[in-house]
Structures are given as C-alpha cells and as structure tokens.
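Step one of this worksheet: look at the structure below.
There are 2 protein chains.
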Amino acid sequence: MASRAKATILDIAREAGVSKSTVSLVLQGSGLIRPETAVKVRKAIEDVGYVYNRGAANLRKAHSNVIGMVINDLTNPFFAELAVGMERVFQAAGVVPFIANTAENPVRQEEVLKSMMEQGVAGLIVSPARGTTPGAFRRIEAAGVPVVFAMRRLPESRIPAIAPDNRRGACLATEHLIRKGHRRLAFFGGSSDLVVYQERLGGFLEACEAFAIPVADRTIVEGQTSRKGGMACLDTALAMPEPPTAALCFNDAVAFGVILALRKRGLEAGTDFAVVGFDDVAEAEHYSPALTSVAVDTAGLGERAAHVMLKMIQSRTTRAEDHIGAVSLVVRESSGPDRNSQVGDAA
Amino acid sequence: MASRAKATILDIAREAGVSKSTVSLVLQGSGLIRPETAVKVRKAIEDVGYVYNRGAANLRKAHSNVIGMVINDLTNPFFAELAVGMERVFQAAGVVPFIANTAENPVRQEEVLKSMMEQGVAGLIVSPARGTTPGAFRRIEAAGVPVVFAMRRLPESRIPAIAPDNRRGACLATEHLIRKGHRRLAFFGGSSDLVVYQERLGGFLEACEAFAIPVADRTIVEGQTSRKGGMACLDTALAMPEPPTAALCFNDAVAFGVILALRKRGLEAGTDFAVVGFDDVAEAEHYSPALTSVAVDTAGLGERAAHVMLKMIQSRTTRAEDHIGAVSLVVRESSGPDRNSQVGDAA
DNA sequence: TCCTATAAATGGAACGTTCCAATAAATCAA
DNA sequence: TTGATTTATTGGAACGTTCCATTTATAGGA
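If you read the protein sequences in the order shown, they are chains W and H.
Just so we're aligned: 124 in the working numbering is position 124 of the first sequence, and the numbers increase by one with no gaps anywhere.
Just so we're aligned: 378 in the working numbering is position 31 of the second sequence, and the numbers increase by one with no gaps anywhere.
See below:
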C-alpha cells in the first residue's frame with residue numbers, strides 16, 4: 001500500500017518538474033511563484049502523499065508552532081475547562097496545543113517537560129504538580145522558552161501566573177456565611193504546600209478577622225482535595241466538642257464530599273449545615289442541594305493564559321505580568337442560615 | 348541569562364574535549380564508551396544547558412517516541428479517564444503521549460491530525476469526532492502510521508477499534524428494566540450518525556424483542572448527548588399519550604439530565620420513573636439518586652488501546668484486531684420497579 | 001536592436017543529529 | 001618485537017527542510 005520510503009520535497013520537485021526550492025516556496029504560500037506552477041506543485045504533493053516534516057524545517061527556522069500544555073490532573077473537569085478556553089484562542093492563532101497530563105506527580109512532570117522541550121515547543125503553559133521543586137523550570141527558562149503558570153503558581157518563582165483571585169473569593173464566601181448568622185466556621189480540605197491553599201485560607205481568615213470571629217471558633221481541617229477528602233474533613237470537624245455550623249471548602253470536589261457525608265449522617269446541607277465550594281464547576285449548579293460556590297471563570301482564565309503566551313512568543317520575552325482573574329460568589333441552596341441564630345438575614 | 352544560541356552536541360563535544368560522535372553515543376547510553384569519558388561528557392551537558400533536539404534526530408532515525416492521542420471531547424470526564432488509562436501504559440513504555448482535543452469538530456480534527464503527522468508521531472489513538480468523513484484517515488494509513496480507534500469507530504473503516512460491548516450493555520440494562528416490571532420503555536439521547544448509537548439502540552431493541560415488548564410501547568427519542576439533551580428527551584417523552592415508565596439513556600450525562608428534568612416536575616427518579624445510564628462515570632455513584640448505569644471500564648479500555656498501539660508500532664504493521672471490552676450493569680437507586688405493575692421483582 | 005527592470009525559478013550551504021566505516025589505543029598471544 | 005584482536009573514539013555523509021545569492025526568463029523603454 002504505502003510507498004515505503006516517505007515522500008520528500010525532492011520527490012515532489014521531480015514529479016512536478018521544478019526545483020525543491022520552488023516546492024518549498026509553494027509550501028509556505030509565497031506569492032513569488034506563478035499561480036500555474038503552484039497548482040502543478042500542489043497536484044504533485046497530493047499525488048505522492050507527501051507529509052510535511054516539521055522537524056526538518058525547525059532545524060532551520062527559528063521556532064515551531066507547537067505549544068505545550070502541561071496539566072496536573074486531567075480528570076478534574078475544572079482543568080478540562082481550562083484547556084478548552086486555551087484551545088479556543090490557540091485555534092484562532094493557527095496553533096495546535098499539545099496537552100500532557102502529569103497526574104500530580106513531579107517526576108512524571110519532569111519527563112513530560114523534558115519531552116516537550118525536546119520536541120521544540122515554542123512555549124509552555126503549566127499547572128504545576130504539587131510538590132514541584134523550585135528548580136524544576138530553571139533549565140527551561142535558561143533555554144529561553146516562555147512559560148506561563150495557570151491556576152497555580154510556585155512559591156518564589158518569577159514565572160508569570162494566571163490565576164483567580166483566590167483570597168478575595170474565599171473572603172466573599174466567608175462573609176456570606178457570617179452574614180447568614182454562622183459564628184463557628186470551618187475551612188475544609190487542601191494542604192498548606194499549595195500556594196492556592198494559602199491564598200484561599202488567607203481570605204477565609206481575613207473575613208474572620210474582619211467580623212471578629214474568635215480564633216477558637218475557627219476550625220481548619222486539611223485534607224485531600226477530593227470527595228473522599230471532604231467526607232473525612234466533615235467527620236473530623238463534627239467530632240469536636242463545639243463543632244462548626246458552616247464550612248468553606250477548598251474546592252467543589254471537597255464540598256460534594258461534605259454534602260455526601262452530611263447525608264450519610266441524616267443531615268442536609270443548607271438546612272443543617274452550610275457548605276460553600278470553590279471553582280463553581282458545571283456540576284455545582286445541578287447538585288442536590290445546588291452548591292453555593294465561588295465562580296472563577298475557568299475558561300476565561302485559559303483564554304487569558306493563552307493570550308499572554310502568544311504575546312510572549314511574539315515579543316520573544318520570557319517575562320510577563322501576573323493576571324488575577326475576577327471571582328464572584330454564586331449563592332445557591334447549600335448555604336442556608338444558622339438555625340440557632342437570629343442574626344441570619346435569610347427571608 | 349540564557350546563552351542566546353542554544354547549545355548543540357558540538358558545543359558539548361568542545362567542552363568535554365571529545366568528538367560529537369562520542370557525545371551522541373553517551374546520549375544514547377551506549378555501552379561502548381569508557382565510563383570516565385561518559386561522566387566527563389555528562390558534566391559538559393549539564394554545564395552548557397543542553398536540550399536534545401529530537402527533530403534533528405528523527406531526521407536520521409526511523410521513528411519517534413511520541414504517540415498522539417486525539418480526543419473528541421475533553422470535557423467529558425469519560426474521556427479523561429480513557430486518557431488516564433492510556434497514559435499508565437505509555438509511561439511504563441517510556442513514551443509520552445500528546446493529547447489534542449477536537450471538540451467534536453471534524454475540521455479541527457483534520458488540523459490536529461495534520462499537525463500530529465507533521466510532528467512525526469509514531470502512532471495515533473483516536474476517538475473520532477462526529478461526522479468524520481470516511482476518507483479522513485486515508486492519508487495517514489498511506490503514510491504507514493498505525494491508527495487505533497478508541498470508544499468510537501467509523502462505519503466502514505478497516506482501522507482497528509477498541510470499544511466496549513455496547514450492544515450487550517444496552518441489552519443487559521433493558522432486561523433489567525423489564526424485569527423490574529416496566530413495559531413501556533424509552534431510549535433517550537444520541538443520534539443515529541454514531542456507530543455507538545446504533546449499537547446501543549440495537550441492544551435495547553434486542554431486549555425488547557426478546558421480551559416481546561410491542562413496538563408501540565418503545566419510545567426512541569434522539570437528542571444531544573448532554574444533560575440538556577436528556578432534559579429535552581424526557582419532556583418529549585412525557586408529552587406523549589402513553590408515556591414510558593423507564594428509560595435507558597445513551598450515556599450518563601443524558602441520564603443526569605433526565606433525573607434533573609424529573610425533579611423539575613416534582614418526580615423522583617427511581618420511584619416515579621426508572622432511569623439507567625451508560626458509561627458509569629465516577630459521578631454516577633454519588634448522584635442523588637445514585638444512578639444505575641452500564642460500567643464499561645474506561646481506563647481498562649484505554650490501557651488496552653495503548654497496548655495494541657505499542658504492539659503495532661513494534662511489529663511495524665498498520666493492522667490489528669478489534670477489541671470488545673466487557674461490560675456490566677451496576678444497579679443503584681435510579682432504576683426502581685414500575686409502580687403500576689405487579690411483575691416487579693423488587694423486595 | 002540592446003539595456004535595464006522585474007518576475008520566477010534555482011543551486012547550495014546550512015541546521016543538529018545518527019550511524020557507518022575507519023582510525024587509534026590498548027591488550028594479548030606468539 | 002610483531003601481528004591479531006578487542007576496545008574506544010572519530011570524521012563524514014546523510015536526513016528534509018529553509019533561505020540567501022544567483023541565474024534565467026519576461027517585459028518595457030530607448
């Protein structure tokens with residue numbers, strides 16, 4: 001079937017009776033060749049089943065048109081949305097992003113980054129895996145390849161990051177709970193080695209301060225950022241002598257876990273215990289009860305990150321400013337007033 | 348910062364005081380070089396911040412170590428799981444798969460495939476976009492690059508496919524509903540241009556035949572394969588003179604939509620209307636009510652597809668056998684007995 | 001007619017690797 | 001010592017492009 005040796009530009013040249021240079025020009029859509037010649041060449045290209053060898057081309061050309069996207073957890077619908085946002089703008093720019101998953105594993109991340117660099121990517125958009133070492137991107141920066149962090153950032157890095165306003169989102173959500181009359185508040189899930197965690201917890205504490213919630217009435221339970229983690233958090237919290245009546249969760253997955261654990265105890269989120277999520281994934285709206293959550297416009301952040309990347313490539317720089325995305329609290333059913341309080345502003 | 352011109356094998360050679368051939372050998376881990384020399388070279392590699400240029404290498408070597416994974420909808424958690432399964436086996440084989448999303452768009456798919464081919468992928472695992480034209484893979488096959496379809500297949504194609512036993516799954520699920528006493532059955536969602544749809548609908552009809560459900564009592568409503576589509580399907584079905592009492596849905600997303608639409612009408616899935624999904628995504632178990640669904644072992648299929656791919660590459664063939672994955676029905680709360688029937692085998 | 005200006009097409013030298021054939025160095029048997 | 005053998009190392013020719021500097025063809029002006 002397949003002509004064994006793959007066709008090259010020279011085969012086309014022979015077929016069309018022109019020189020390889022002419023073929024190359026046609027391939028690049030140069031206006032210098034006579035239209036009839038171009039047609040002839042294009043026909044030959046079709047006939048021999050030619051496929052362009054970008055590797056060979058990149059040997060001469062400055063840089064490629066592929067952009068790598070390294071994501072820490074493809075399973076999280078949240079990241080899929082981020083990817084979709086990026087793709088929208090890359091597609092318009094005629095770039096095909098290649099996505100790779102690190103499964104939250106720094107070693108795998110190292111491999112993936114190496115592979116992408118070897119492939120000669122023009123830029124890298126990364127949501128770094130937990131536990132990424134500070135030096136992980138040193139070599140990439142040294143090579144002059146632009147990198148943008150999306151959603152997550154590294155503690156001390158000078159790489160530009162595109163992320164939502166985590167602190168403000170958490171602050172908004174916490175205020176909302178306090179206004180509903182809750183006085184014993186919890187922050188569930190996540191772990192302190194993530195910058196995002198520190199930001200969200202920071203917002204939570206900021207609101208607690210502002211409303212003079214005593215330290216003794218703040219419960220902070222670290223845990224996995226998954227349903228399972230959320231379930232564990234609730235169990236730990238309710239086992240305390242003076243348990244909280246409301247919780248802000250590190251993300252929606254944790255919140256779903258909390259709702260599940262509540263139901264398992266015969267309690268209902270919203271009426272017996274208030275829960276607020278973070279990220280506002282598509283599922284939040286449809287959950288039962290519908291989950292109050294901090295919306296972060298994930299796809300929008302993806303688009304933003306892609307734009308920044310494109311601009312960095314164009315201006316051949318490796319630096320750019322951080323972008324903080326606006327957030328908003330979407331109030332739904334899961335965050336009802338405190339039953340024992342008269343302060344709640346519920347109807 | 349970065350030494351502008353990127354380091355090549357020759358720079359390393361100069362630095363280490365050896366020839367480029369020696370460096371190349373070290374890079375490939377050849378046992379032919381003296382250990383001390385290797386150490387010296389490796390040090391030089393580190394010093395100059397070298398990054399391997401796979402494009403240049405592929406110019407000489409037969410083929411690359413990258414495998415492309417082209418997926419029609421990254422947003423569907425189902426496909427993320429498929430990707431995760433594949434990655435597991437590729438990682439073990441030292442291969443980094445590059446994922447690209449086609450967003451169910453054949454034109455985008457064309458671009459993506461072209462880009463991957465140009466990049467010199469060793470093989471392609473594809474879940475084709477709806478509406479893929481029969482000839483879309485002709486050129487790729489002609490180029491001798493192995494292709495495997497995952498989850499979906501094309502009507503007449505000779506490309507090997509790895510997919511679950513859709514017919515059997517649908518048949519099992521339908522039998523389950525009939526055994527629960529349901530006699531007026533519906534099949535919700537999907538559209539007939541998909542092979543998967545035909546298979547699943549085929550299983551549904553097969554079970555209907557086997558249990559002598561009259562044609563008049565079978566309702567088939569095509570629709571989008573999303574929550575929204577599922578909601579629309581239910582509305583259409585309940586508007587009929589003799590509405591069904593149970594539905595097998597094309598996939599879980601449709602099923603979730605049906606459950607939502609039921610609730611909107613004050614009905615509860617499981618007690619008022621039975622609904623069964625397909626794919627058994629992680630969410631199914633945690634939904635309320637928990638969704639009865641056909642489990643397809645997505646990650647397992649991903650692994651299988653990856654193995655087939657690896658084998659094809661190794662034996663440099665472009666052909667392989669189809670693999671049909673086993674399915675099983677996971678019964679949960681959403682598929683209760685028909686209230687008006689005495690035949691139900693419920694406790 | 002010849003000269004110049006413009007348009008179209010071309011040869012050849014890179015680009016950074018691999019790999020073969022060849023060389024150089026070290027070891028061994030006689 | 002010499003030649004044969006093994007062990008390490010090396011130069012050079014590919015690989016498939018791009019792009020610069022040329023060449024060749026075409027047209028226009030005198």
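Ideal placement from N, C-alpha and C gives every residue a C-beta, glycine not left out.
Just so it is clear, the structure is predicted and the values come from calculations on it, not from any experiment.
Query	Result
Complete runs of the beta strand (DSSP E) confined to the region 581-659 of chain H [at least 3 residues]	593-596, 621-626, 639-642
Nearest-angstrom Cα separation, counted from W:Lys311 out to W:Phe149	15 Å
Per DSSP, cross-strand counterpart(s) of H:Phe445	H:Gly415
Coil, strand or helix - H:Ala694 by DSSP	Caution is warranted here: a pLDDT of 40 is assigned to H:Ala694, below 50, making its placement in the model unreliable, and no coordinate value can be reported.
Where the region 641-654 of chain H meets chain W: residues whose CB sits under 7 Å from a CB there	none
Where W:Arg139 meets chain H, residues with beta-carbon distance less than 8 Å	Gly396, Val398
Collapsed DSSP secondary structure at W:Thr318 in the structure displayed	coil
Contact with chain H by W:Ser288, beta-carbon distance below 8 Å	yes
Spatial neighbours of H:Arg651 in its chain, beta-carbon cut-off 6 Å, leaving aside the 5 residues before and after	Ile509, His670
Segment contact flag, the region 185-199 of chain W with the region 210-228 of chain W, C-beta cutoff 8 Å, min 3 pairs	yes
8 Å Cβ cutoff, W:Ile313 in contact with chain H	no
Alpha-carbon spacing of H:Leu585 relative to H:Ala427, whole angstroms	34 Å
Assigned exposure category for H:Asp685 - 16 Cβ within 10 Å defines buried	buried
Interface partners of H:Glu428 on chain W, CB under 8 Å	Thr75
Within 8 Å of chain H by C-beta, residues of the region 225-253 of chain W in sequence order	Arg227
Local Cβ density within 10 Å of H:Asn687, reported as buried at 16 or more and exposed below that	exposed
Minimum Cβ-Cβ distance from W:Leu267 to chain H less than 8 Å	no
Test: H:Asn687 CB closer than 8 Å to a CB of chain W	no
W:Ala255 at chain H interface by Cβ criterion, 8 Å	no
Anticipated Cβ contact below 8 Å, H:Leu638 with H:Ser681, distance rounded	5 Å
For W:His323: DSSP bridge partner residues	W:Ile162
Cβ contact check for the region 21-35 of chain W and the region 81-89 of chain W: 3 or more pairs under 8 Å	no
Amino acids of chain H, ordered along the chain, whose beta-carbon sits closer than 8 Å to that of W:Glu87	Asn448, Ala450
Close beta carbons around H:Ile446, own chain, < 7 Å, minus the five adjacent residues each side	Met416, Ile418, Ala430
H:Ala363 in three-state terms, based on DSSP	helix
C-beta neighbour in chain W for H:Lys367, strict 8 Å	no
Spatial distance of H:Ser615 from H:Leu648 (CA atoms)	The sequence shown places Glu at residue 615 of chain H, rather than the Ser named in the question. The alpha-carbon atoms of H:Glu615 and H:Leu648 are separated by roughly 33 Å.
Within 7 Å of chain W by C-beta, residues of the region 460-482 of chain H in sequence order	Ser462, Met464, Glu465, Gln466, Gly467
H:Glu458 at chain W interface by Cβ criterion, 8 Å	yes
DSSP three-state assignment for H:Val395, whether helix, strand or coil	helix
Chain H residues whose Cβ lies nearer than 9 Å to that of W:Lys6	Ala490, Gly491
Straight-line gap, W:His307 to W:Ser315 (C-alpha atoms, nearest Å)	12 Å
Per DSSP, cross-strand counterpart(s) of W:Leu124	W:Gly68, W:Val147
Euclidean distance between Cα positions of H:Arg499 and H:Arg515	16 Å
Close beta carbons around W:Pro241, own chain, < 6 Å, minus the five adjacent residues each side	none
DSSP-derived helix/strand/coil call for W:Val196	helix
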